[in-house]
Every structure is written in C-alpha cells, then in structure tokens.
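Comments concern the structure below.
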C-alpha cells in the first residue's frame, strides 16, 4: 500500500497498487474515447490490470 500526503491541501491518500492500476486503465480508456479511438478504449478496459498494463508500458 502507498500513502501520499499533499501538505498544501492537508490530504492523505492511501491506495493499493491494484486499485491504482484500475483507475489508471479507466482514465486511459476515457482518454481513448475522447480521442475517438473506441477500439483502444475497449482494449484498455478489458486488460488484466496487473500484468498486461505493465507489460505494455501503460
């Protein structure tokens, strides 16, 4: 688990790596939709969040 502290806003965020990977892939999928790349968005949403994303360097 990682803990990040933002002292400017007094915010502490704790997350595990798996949830971070899920959020990252969801954001990448949304960016692909915005860029009108629906096949890429579908690929990103369907990925194994632990291995494939890291293997592809995303």
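Residue numbers (our numbering): 199 to 256.
Cβ atoms here follow ideal geometry from the backbone N, Cα and C, with glycine treated the same way.
If you're wondering where the values come from, they're calculated on a predicted model, not measured in any experiment.
To the nearest angstrom, how far is the alpha carbon of residue i from that of residue j?
i, j, result
"residue 232", "residue 242", "14 Å"
"residue 224", "residue 215", "14 Å"
Answer with buried or exposed for residue i, where buried requires no fewer than 16 other C-beta atoms within 10 angstroms of its C-beta.
i, result
"residue 217", "exposed"
Leaving aside the five residues before and after residue i along the sequence, list all residues of the same chain whose C-beta is less than 6 Å from its C-beta, in chain order.
i, result
"residue 238", "230"
Kindly list the residues whose CB is nearer than 8 Å to the CB of residue i, restricted to its own chain and excluding five residues on each side of it in sequence; keep chain order.
i, result
"residue 236", "230"
"residue 228", "239"
Using C-beta distances below 7 Å, list every residue in its chain close to residue i, excluding the 5 sequence neighbours before and after it, in chain order.
i, result
"residue 221", "none"
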